[in-house]
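These notes are about the structure you will find just below.
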Amino acid sequence: MEILRYAIYRFGTMVLTLWVVSVLVFVIINLPPGDYLSNQIAELRASGQTAGVEKAEFLRREYALDKPLWQQYFIWVGFLPGPHGFSGLIQGNFGWSFEFDRPVAEIVGDSLWLTVLVNLAAVLFVYLVALPLGVLAAARSRTWVDYTSAFVGYLGLATPNFLLALILFYYGHRWFDLPIGGLMDPIYEGEPMSWDKVKSILIHLIVPTFVIGTSGASAMMQRLRANMLDELGKPYVETAIAKGMAPSRMLAKYPLRVAFNPFVADIGNLLPSMVSGSVLVSVVLGLQTIGPDLLQALKSQDMFLSAFILMFVALLTLIGTMISDVLLVLLDPRIRYEGRDA
Amino acid sequence: MSQLPDGRYVDDAPFDPEQSIRELERKDLDAPNWVLIWRKFKTHRLGLISGAFLLFCYLMLPFVGFIAPYGPNERHSEHLYSPPQSINLFHEGEFLGPFIYPMTSEANMETFQWEFKPDYENPMRLKFFCEGKSYRIAGLIEADTHLFCPPQADVPVFLWGSDRLGRDVFSRILYGAQLSLTVGLIGITVSFVLGIFFGSVAGYFGGKIDWVINRVIEILRSLPELPLWLALSAAVPSNWSPVAVFFIISVILGILDWPGLARSVRAKFLSLREEEYVRAAEMMGATSGRVIRKHLLPNFMSHLIASATLSIPAMILGETALSFLGLGLRAPAVSWGVMLNDAQNLANIEIYWWTAIPMLPIVVVVLAFNFLGDGLRDSLDPYQQ
């Protein structure tokens, strides 16, 4: 039961954080002088198209952009009624994209799920790669296994994500005939889910997953190796060896369980940088995630679209962090259920 | 001085056989902290090499104009996408001194590309310490002597090829280093000031302030950096001068980096606050500002410097990513990220692979900072075995 209470507490802090984030995002979005509509109105006026001006003015009123900033914020979130009653983020109305002249929800649509998918795959990749390599590097420390993995790890940390993306892309296509660009074959776009479509997506996922996951995996690997080395020096390990336990069984049974803790906790720290990475990589590789949309929206000051995407990205990391925190408590009985300050 | 019965002379002064050993030990114990740190750091080979390399890079920055044969935006319209040239010493078994084979260009009418071929018949010696385009040393002193120049005005030398507009990649990388390497330093200064301020306030005063700052740190740390960087840089007005954009970008990089630092400062403060010497200082009437500055901060300044070294690479990579996406530094300014902006296109890299060369210095510098930081961190506690 206590775990449930902790989960609820953790959920509460997440909602609070999300609220603060929404203020932050709104402020950042409104930092540049002017907004999309006023820019457009100025442009239309300059070219003497009065009909367009009227439409833009109408949109301005429609989306309460003529109100003071703090009211705009409350209307956007849905705490205050807008021109058409309550219709903010809380009510599930994500706003209007001025540039595409369509609702934000319609534009992001599928790419939300693909974003989640890409990030999920990257997290899985981090675990699958870092766990065996980290343990192996610790168990065979100061051998070529250790040095090679350390070298690859350092390279992974030092190479900018987008460069790795370009390189892998090039060679992946050349040597393994991996497809270039996108997250699925163009023929499946907009099609209902089918086995072939899933297969196509999976093949397209290989390179992005690798790129987004590499730096996280190498950080995680080094962490795990250091923790394992600390544990391997302890007397209980010696006892286990002296009793004649098989090395692999001994590793998995004792030191790994202790060293595993930070492994789960770290995903909370890694997730923000991985989501960052996925945005960048998506732009470079032309994946249909929200990354390219965000860049486009930011450049053209399409405020509702970019604000929504920023909120979504933040939500994604917050949920991930929350899950990792709850998992950690489940895994480790030594952790107290109260908040960190208690 | 007295003579012993067997004829030897012995000093009368009292002699303690242990003393010389003890002196040696004391010398170690009394040595200033930095001597001990340095001694330990010297054993960290990789860190030492990286440190020396970075020092060399930063010392070189004011003089890049001297080393680079061309200016950063000097164009050679006859030599677009010219491939890298090598400097040779021997021509047909004969020592000639450093020379290059000039490139001859030819239009391929099938691919519609210019094809460059070295003219092996005609070696041309490089000129050294010659006059070229004028530049400024450290932005102040005007000079026009270059380390090396092309043999003739119409035979350019491109060590690492030329780019889309016929600009020398080698020279541009050197000029780009000026911005790319300093972005991290400015950013880290901002993050240092903010981090130490908020961290020490939270750790020293505790209570409500601590709670508020802690929440802010947690929120900022849980947000993905890059989208926020993007959003903030998109807010930079496009009519600002390149220098202003450069400063604001470095500040933006720093603003989002401080929470990590503040967190470690706070943790240190929480444990150090209870020490006797802090209470003693407070009892003698030291203000909180003085206690923080004179008694607490020096205690772990070295630790902070190490962690700062480890976060500079993130900023360099951040600047590169922003410029690469076209939201960071803008065209007349040259940085490694701006240069890579040209290499965005896969087909481009495939044909003109040398446009992707700027990624090498990025990887090398980032690795060097990582190794240096690791070395510093390991050697910071000299009393630990």
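First to last, the protein sequences are chains A and B. First residue of the first sequence? That's 1 in my numbering, and the numbers climb one at a time after it. First residue of the second sequence? That's 1001 in my numbering, and the numbers climb one at a time after it. Note that the Cβ used here is the ideal one computed from N, Cα and C, for glycine as well. Quick caveat, the model's predicted, so the values are computed rather than measured.
{"Query": "Of all the alpha helix (DSSP H) runs that stay within the bounds of the stretch 27–73 of chain A, which reach a length of 4 or more residues?", "Result": "36–47, 50–62"}
{"Query": "Assuming Phe-241 (chain A) contacts Met-250 (chain A) (C-beta within less than 8 Å), just tell me the rounded distance between them.", "Result": "A small correction: the amino acid at residue 241 (chain A) is Ile; Phe does not occupy that position in the sequence shown. About 7 Å separates the two Cβ atoms, so the contact holds."}
{"Query": "Mark Asn-1122 (chain B) as exposed unless 16 or more other C-beta atoms lie within 10 angstroms of its C-beta, in which case mark it buried.", "Result": "exposed"}
{"Query": "Would you please verify whether the beta carbon of Pro-1332 (chain B) is less than 9 Å from any beta carbon of chain A?", "Result": "no"}
{"Query": "Which one of B:Val-1364, B:Asp-1016, B:Asn-1214, B:His-1303 has the shortest CA to CA distance from Pro-1259 (chain B)?", "Result": "B:Asn-1214"}
{"Query": "Going by DSSP, what residue range makes up the beta strand (DSSP E) through Leu-953 (chain B)?", "Result": "Given that chain B is displayed from residue 1001 to residue 1385, the structure contains no residue 953 (chain B) and the question cannot be resolved."}
{"Query": "Mind checking if Phe-1324 (chain B) is an interface residue toward chain A, Cβ cutoff 9 Å exclusive?", "Result": "yes"}
{"Query": "Against Ile-29 (chain A), what residues of chain B qualify as contacts under a CB-to-CB distance less than 8 Å, listed in chain order?", "Result": "Ala-1231"}
{"Query": "May I have the straight-line CA-CA distance separating Pro-32 (chain A) from His-204 (chain A), to the nearest angstrom?", "Result": "37 Å"}
{"Query": "Quick check on the DSSP output: the alpha helix (DSSP H) that includes Leu-168 (chain A) runs from which residue to which?", "Result": "161–176"}
{"Query": "Is it the case that the stretch 1235–1255 of chain B contacts the stretch 1318–1332 of chain B, given that we only count it when at least three CB pairs across the two stretches are under 8 Å?", "Result": "yes"}
{"Query": "Quick check: is the beta carbon of Gly-227 (chain A) nearer than 9 Å to any beta carbon in chain B?", "Result": "Looking at the sequence itself, residue 227 (chain A) is Asn, so the reference to Gly does not match. Answer no: the Cβ-Cβ gap between Asn-227 (chain A) and chain B never drops below 9 Å."}
{"Query": "Could you give the residue range of the alpha helix (DSSP H) that holds Thr-1309 (chain B)?", "Result": "1297–1324"}
{"Query": "List the endpoints of the continuous alpha helix (DSSP H) containing Asn-269 (chain A).", "Result": "255–285"}
{"Query": "On the three-state DSSP scale, how would you describe Arg-142 (chain A)?", "Result": "coil"}
{"Query": "Starting from Ser-1222 (chain B), find everything on chain A with Cβ-Cβ shorter than 7 Å and list it in chain order.", "Result": "Thr-17, Pro-272, Thr-317, Leu-318, Thr-321"}
{"Query": "Between the Cα of Ile-1100 (chain B) and those of B:Glu-1078, B:Tyr-1081, B:Leu-1126, spot the shortest distance and give me the residue it belongs to.", "Result": "B:Leu-1126"}
{"Query": "Where do the N-terminal and C-terminal ends of the beta strand (DSSP E) with Glu-1131 (chain B) fall, by residue?", "Result": "1127–1137"}
{"Query": "Can you tell me whether DSSP reads Gln-1085 (chain B) as helix, strand or coil?", "Result": "coil"}
{"Query": "With a threshold of 8 Å, establish whether the CB of Ile-29 (chain A) neighbours any heavy atom of the ligand FMN.", "Result": "For the structure depicted, the ligand FMN is absent and the ligand set is empty, with no information on it obtainable."}
{"Query": "Just by C-beta distance, which residues in the stretch 1352–1380 of chain B are closer than 7 Å to chain A?", "Result": "Met-1359, Ile-1362, Val-1363, Val-1366, Leu-1367, Asn-1370"}
{"Query": "Check whether the Cβ atoms of Arg-1172 (chain B) and Pro-1083 (chain B) lie closer than 9 Å to each other.", "Result": "no"}
{"Query": "Find the residues of chain A that neighbour Pro-1005 (chain B), judging by a C-beta separation of less than 7 Å, and give them in chain order.", "Result": "Those do not exist, as Pro-1005 (chain B) stays about 59 Å from chain A at its closest Cβ, beyond 7 Å."}
{"Query": "Measuring only between beta-carbons, confirm whether Tyr-170 (chain A) sits less than 9 Å from chain B.", "Result": "yes"}
{"Query": "Shorter than 9 Å from the beta carbon of Pro-186 (chain A) to some beta carbon of chain B?", "Result": "no"}
{"Query": "Strictly below 7 Å CB to CB, what residues from chain A border Thr-1320 (chain B)?", "Result": "Pro-160"}
{"Query": "Is Gly-268 (chain A) close to chain B? Criterion is C-beta to C-beta, closer than 9 Å.", "Result": "yes"}
{"Query": "With a cut-off of 8 Å, do at least 3 Cβ pairs link the stretch 1200–1214 of chain B to the stretch 1261–1269 of chain B?", "Result": "yes"}
{"Query": "Distance cutoff 9 Å, beta carbons only. Does Val-1010 (chain B) sit that close to anything in chain A?", "Result": "no"}
{"Query": "Report back the beta-carbon spacing between Ile-41 (chain A) and Glu-62 (chain A) to the nearest angstrom; my notes put them in contact at under 8 Å.", "Result": "Not confirmed; about 14 Å, so no contact."}
{"Query": "Sorted by chain position, which residues of the same chain lie with C-beta nearer than 7 Å to Ser-1233 (chain B)'s C-beta, five sequence neighbours on each side aside?", "Result": "Ile-1249, Ile-1252, Leu-1322, Leu-1327, Gly-1328"}
{"Query": "What does DSSP give as the partner residues of Cys-1057 (chain B) in its beta bridges?", "Result": "Cys-1057 (chain B) is not bridged to any residue."}
{"Query": "With a Cβ-Cβ cutoff of 9 Å, do Asn-161 (chain A) and Leu-316 (chain A) count as a contact?", "Result": "no"}
{"Query": "Under the three-state reduction of DSSP, which class applies to Ile-1141 (chain B): helix, strand or coil?", "Result": "strand"}
{"Query": "For Ile-1209 (chain B), decide whether its Cβ has a neighbour in chain A, counting only Cβ atoms nearer than 9 Å.", "Result": "no"}
{"Query": "Let me confirm a value: Tyr-36 (chain A) is counted as buried when at least 16 other C-beta atoms fall within 10 Å, else exposed. Which label applies?", "Result": "buried"}
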